[in-house]
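Residue numbers (this note's numbering): 99 to 310. Virtual Cβ for every residue (Gly too), placed ideally from N, Cα, C. Take a look at the structure set out below.
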Amino acid sequence: MTKKGNVIVNHLNQYYTIYIFTVILFLTGIIFGAIIVNSMSFIQKQDLYFYLENFFLNFLHDENIVQTDLFKNAMLYHIQFLALLFFLGLAVIGLPIIWILLFVKGVAVGFTVGYFVNQLGWKGLMLAFSSIASQNMVIIPIYIIASAFAMIFSFTLLQSILSKRYKLPVIQVFYRYIGVFFILTVGAAAAAGLESVISYKSMQMISDYFIK
């Protein structure tokens, strides 16, 4: 196994509990989002469906929409979210906010899929898959890794401050922290590309069939 592979394996062995925690937190948010859908009243569901119907029938077929603008907007959103996690990781008191943000992301995914399925059945499942699956297969792991690294860095700072026997090389960890978030930002660009091209085109092709 290469040195790089050993570093990754050692990292996962050392911090696997944090990664498990972030995954469970995100999955809990998905479940909670689906529960919210079931707790909505009929009028609330109809109002939201009317809004979504207008979106699919008007926005998706607007010839003035430029895919480069979609990419820029998606990329800006991902950069802002990753930057927020990055700076929260620099402060130990930011840990609860990281947990909340990751949970809310899960709620958003669970609510979106749950609502489409609740309103349209299997058609809603296919619509949700076409609209959010491609980019989320990339961006969700990125958010989970970013959240985990922000937590790890916060714990490292806390340990460095409180430990009297052993001082961790925080500056080296900080450089690694920056490098990881840079790589995650590149991955976010791929997710933004999928969102602006594949998801947008697939929603255009199937929206007329599903929103009838």
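Only buried fits Tyr-241, as 16 or more other CB atoms lie within 10 angstroms of its CB. For Leu-223, the closest C-alpha among the options Gln-233, Ser-232, Val-211 and Asn-234 is that of Val-211.
Straight through space, the alpha carbons of Phe-140 and Phe-185 are spaced by roughly 41 Å. When Cβ pairs closer than 8 Å are counted between the two stretches, the stretch 167-176 is seen to touch the stretch 291-300, the count reaching three or more. Segment contact: the stretch 263-283 against the stretch 201-211, fewer than three CB-CB distances shorter than 8 Å; contact not assigned.
Taking the Cβ atoms as the reference, Phe-247 lies roughly 13 Å from Tyr-273, outside the contact range of under 8 Å.
In the structure shown, Gly-285 adopts helical secondary structure according to DSSP, grouped into three states. Burial state of Met-235 is exposed, judged by a 10 Å Cβ sphere holding fewer than 16 other Cβ atoms. DSSP, read as helix, strand or coil, puts Gly-208 in helix. If you look at Ala-248, you'll find it in the alpha helix (DSSP H) that goes 232-260. In this structure, Ile-116 places its C-beta atom within 8 Å of the C-beta atom of Met-249. Cβ neighbours of Val-215 within its own chain (closer than 8 Å, five residues either side excluded): Gly-222, Leu-223 and Ala-226. Distance from the CA of Phe-201 to the CA of Pro-267, rounded to the nearest whole angstrom, comes to 31 Å. For Thr-120, the closest alpha carbon among the candidates Ser-228, Gln-178 and Leu-199 is that of Leu-199. In this structure, Ile-196 is the residue among Ile-196, Leu-150, Val-135 and Asp-145 with its C-alpha nearest to the C-alpha of Ile-243.
With fewer than 16 other Cβ atoms inside 10 Å of its own Cβ, Val-284 counts as exposed.
Leaving aside the five residues that flank Ser-300 on each side, the residues in its chain whose CB is nearer than 6 Å to its CB run, in chain order, Ser-228. Apart from sequence neighbours up to five positions away, the residues of its chain that approach Phe-130 with a beta-carbon distance below 8 Å are Phe-201, Gly-204, Val-205 and Gly-208, ordered along the chain.
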